[in-house]
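Worksheet: one structure, shown below.
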Amino acid sequence: MRYHLSPCDFIVSMWPVVTDTAKQEQKGNVLDDECAVQSAVCRQTFTLHLISMAESQGGTTMQDSDIKSILAQVKTIALVGASEKATRPSYGVMAYLLAQGYQVIPVSPKLAGQSLLGQPVYASLADIPYPIDMVDVFRQPDAAWDVAQEAIAIGARVLWLQIGVINEQAAVLAHNAGLKVVMDRCPKIEIPRLGMEK
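Using UniProt numbering, you'd call the opening residue of the sequence shown number 1 and step up by one each time.
What follows is the structure in structure tokens.
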């Protein structure tokens with residue numbers, strides 16, 4: 001079987017098939033022989049394309065030096081999924097990043113027009129009236145795809161998906177568009193771990 005799509009386009013187009021068949025198998029549903037073979041071939045080809053793309057583009061795995069470089073260069077961070085509740089991780093991370101000298105712009109449709117930790121809240125990334133270096137995502141994994149699209153549209157340089165926000169499709173989309181991608185990590189943890197705390 002031959003495909004004429006780019007690796008990114010192929011992964012994006014086949015992702016629903018891969019995830020659906022995996023869910024069916026996890027539920028214990030029995031697939032007929034033809035479906036089972038198609039599922040196996042699809043996942044194998046998917047994996048090979050992902051590996052091929054990572055190798056051809058220098059790899060998507062972030063090393064400590066990469067993360068340190070990102071955190072040193074970034075100045076303005078849009079925090080998507082901001083919350084006014086002090087018990088929420090997004091609140092604590094925002095407060096920490098502000099204390100570290102970053103400009104942090106909270107994004108939340110629910111809080112738009114209000115102020116959070118002294119910063120004006122915007123409903124969406126597109127509403128922010130100045131350039132954004134990094135988009136830090138505190139949303140459910142399935143929402144990361146839309147956030148990645150918005151991050152690309154505003155010209156952000158980094159897409160940072162917080163701990164537990166794992167969406168390979170969104171990561172590939174952003175990476176293919178030229179953004180640096182950090183996934184399943186938290187800057188509040190990485191900054192002191194890398195000796196960058198002020």
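C-beta atoms are modelled at their ideal positions from N, C-alpha and C, and glycine is treated no differently. This structure is a prediction, so every number in the text was calculated from the model and none was measured.
What's the call for residue i, buried or exposed, on a 16-neighbour Cβ count within 10 Å?
i: ALA82; result: buried
i: PRO106; result: buried
i: TYR122; result: buried
i: MET53; result: Residue confidence for MET53 is low, a pLDDT of 47 falling below 50, so the modelled location carries little weight; the figure read from the coordinates is stated next. With 16 or more Cβ atoms within 10 Å of its Cβ, MET53 is classed as buried.
i: SER108; result: buried
i: GLN140; result: exposed
So what does residue i bridge to, in DSSP terms?
i: ALA78; result: ILE105 and VAL135
i: GLN119; result: LEU116
i: TRP160; result: ASP136 and VAL182
Is the beta carbon of residue i sitting closer than 8 Å to the one on residue j?
i: ALA78; j: ILE132; result: yes
i: ALA174; j: LEU159; result: yes
i: ASP142; j: GLN162; result: no
i: LYS182; j: MET94; result: In the sequence as presented, Lys is not what sits at residue 182; that position holds Val. For VAL182 and MET94, no; Cβs fall outside 8 Å.
i: ARG157; j: LYS188; result: no
i: ALA153; j: ALA126; result: yes
i: residue 286; j: SER90; result: Because the chain is modelled from 1 through 198, residue 286 falls outside the range shown and cannot be assessed.
Would you kindly work out how many angstroms separate the C-alpha atoms of residue i and residue j, rounded to a whole number?
i: PHE10; j: ALA148; result: Note that PHE10 scores a pLDDT of 46, beneath 50, so its modelled location is shaky; the value from the coordinates is reported in the next line. Distance between the alpha carbons of PHE10 and ALA148: 17 Å.
i: PRO129; j: SER115; result: 16 Å
i: LYS85; j: ALA171; result: 28 Å
i: TYR102; j: VAL165; result: 22 Å
i: LEU71; j: ILE191; result: 8 Å
i: GLN169; j: ALA177; result: 12 Å
i: VAL80; j: VAL74; result: 16 Å
i: LEU111; j: LYS68; result: 31 Å
i: GLN119; j: GLY113; result: 10 Å
i: ASP146; j: VAL104; result: 20 Å
i: ASN167; j: ARG185; result: 13 Å
i: ARG88; j: TYR96; result: 13 Å
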